[in-house]
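Undergrad:
Residue numbers (our numbering): 18 to 242.
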């Protein structure tokens with residue numbers, strides 16, 4: 018039986034996912050795993066777990082830019098800010114979900130990420146997305162039309178629900194076997210797991226799951242007793 022693929026849950030909104038994506042093909046090849054890009058809606062993940070995005074916290078929004086800029090420099094990766102952020106990634110996600118062939122979907126993900134975060138271009142409107150599709154050799158008209166089909170829209174929703182069911186709460190998330198690795202800074206841990214050198218044991222995890230909580234953050238505005 019072939020080993021399970023590395024299912025890379027992505028949303029083009031995240032510069033962290035862009036930087037992680039650049040490293041994923043080499044990781045997959047090194048460890049003999051197929052790479053499968055899975056478009057999910059970050060807003061859907063955040064809403065389901067009751068969280069907000071980094072760009073919704075002013076100080077964190079600035080820090081995200083500084084950190085991702087530094088990571089990109091460290092990786093030697095091209096890095097430019099898109100015209101706006103947060104932006105609406107839904108059309109790009111649906112276009113990605115409309116591509117059935119995994120190799121072609123992988124190529125499209127690279128093209129869209131390169132446009133948004135490598136060259137600082139918009140990927141929100143049909144005109145913007147269509148231009149990227151055409152430059153990458155895709156049939157822009159056909160894919161943009163397919164992206165509006167109910168089954169494709171539903172695919173992004175189902176991908177998001179499946180990611181949640183497997184423990185994802187943000188992007189980038191890599192789902193492999195029964196594990197989930199979140200964030201560009203988790204890729205080293207992912208590699209150790211794939212090499213059979215994960216230091217985390219089932220006993221460690223069960224102890225953490227059963228560890229009691231003796232403090233809870235107060236709801237906003239509620240006075241201390």
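Don't be surprised by glycine CBs; every beta carbon is placed ideally from N, CA and C.
Buried or exposed for residue 165, please, with buried defined as at least 16 other CB atoms from any protein chain shown within 10 angstroms of its CB.
TA: Here residue 165 refers to the residue found at position 148 of the chain shown. By the neighbour-count rule (16 or more Cβ atoms within 10 Å), residue 165 is not buried but exposed.
Undergrad: Is residue 53 helix, strand or coil when you go by DSSP?
TA: Locating residue 53 in the chain shown gives position 36, where the first residue counts as 1. Reduced to three states, the DSSP call for residue 53 is strand.
Undergrad: If you compare alpha carbons, which of 62, 199, 45 is closest to residue 175?
TA: Here residue 175 corresponds to residue number 158 of the chain shown, with the count starting at 1. Cα-wise, what sits closest to residue 175 is 62.
Undergrad: What residue does the beta strand (DSSP E) around residue 38 start on, and which one ends it?
TA: Here the question's residue 38 lines up with position 21 in the chain shown. It is not in any beta strand (DSSP E) - residue 38 instead sits in the alpha helix (DSSP H) that spans 32-47.
Undergrad: As a quick exercise: from 75, 147, 56, pick the residue whose alpha carbon is nearest that of residue 172.
TA: Translated into positions along the chain shown, residue 172 becomes position 155. It is 56.
Undergrad: Verify the CB distance criterion: does residue 121 have a CB-CB separation below 7 angstroms to chain B?
TA: The structure shown contains no chain B; it holds only a single protein chain.
Undergrad: Answer yes or no: do residue 106 and residue 29 have a C-beta to C-beta separation smaller than 7 angstroms?
TA: Looking up residue 106 in the chain shown gives position 89. Looking up residue 29 in the chain shown gives position 12. Contact: yes.
Undergrad: Skipping 5 residues on each side, what residues in its chain have a beta carbon closer than 8 angstroms to that of residue 246?
TA: Since the first residue shown for the chain is 18 and the last is 242, residue 246 is missing from the structure and cannot be characterised.
Undergrad: Tell me the DSSP bridge mates of residue 190?
TA: Here residue 190 refers to the residue found at position 173 of the chain shown. BP columns for residue 190 point to 26, 199.
Undergrad: Can you tell me where the alpha helix (DSSP H) with residue 217 in it begins and where it stops?
TA: Against the chain shown, residue 217 aligns to sequence position 200. No alpha helix (DSSP H) contains residue 217, which DSSP labels as neither H nor E.
Undergrad: Quick check on residue 111: does DSSP put it in helix, strand or coil?
TA: Residue numbering aside, residue 111 sits at position 94 when the chain shown is read from its first letter. Helix.
Undergrad: Whose C-alpha, out of 144, 79, 155, is nearest the C-alpha of residue 116?
TA: Along the chain shown, one-based indexing puts residue 116 at 99. Nearest of 144, 79, 155 to residue 116, Cα basis: 155.
Undergrad: Measuring CB to CB, does residue 22 end up less than 7 angstroms from residue 51?
TA: On the chain shown, residue 22 is found 5 positions in, with the first residue counted as 1. On the chain shown, residue 51 is found 34 positions in, with the first residue counted as 1. Yes, the Cβ-Cβ distance between residue 22 and residue 51 is below 7 angstroms.
Undergrad: Considering only the alpha carbon of each residue, which of 186, 232, 208 lies closest to residue 67?
TA: One-based indexing of the chain shown puts residue 67 at position 50. Closest option to residue 67, Cα to Cα, is 186.
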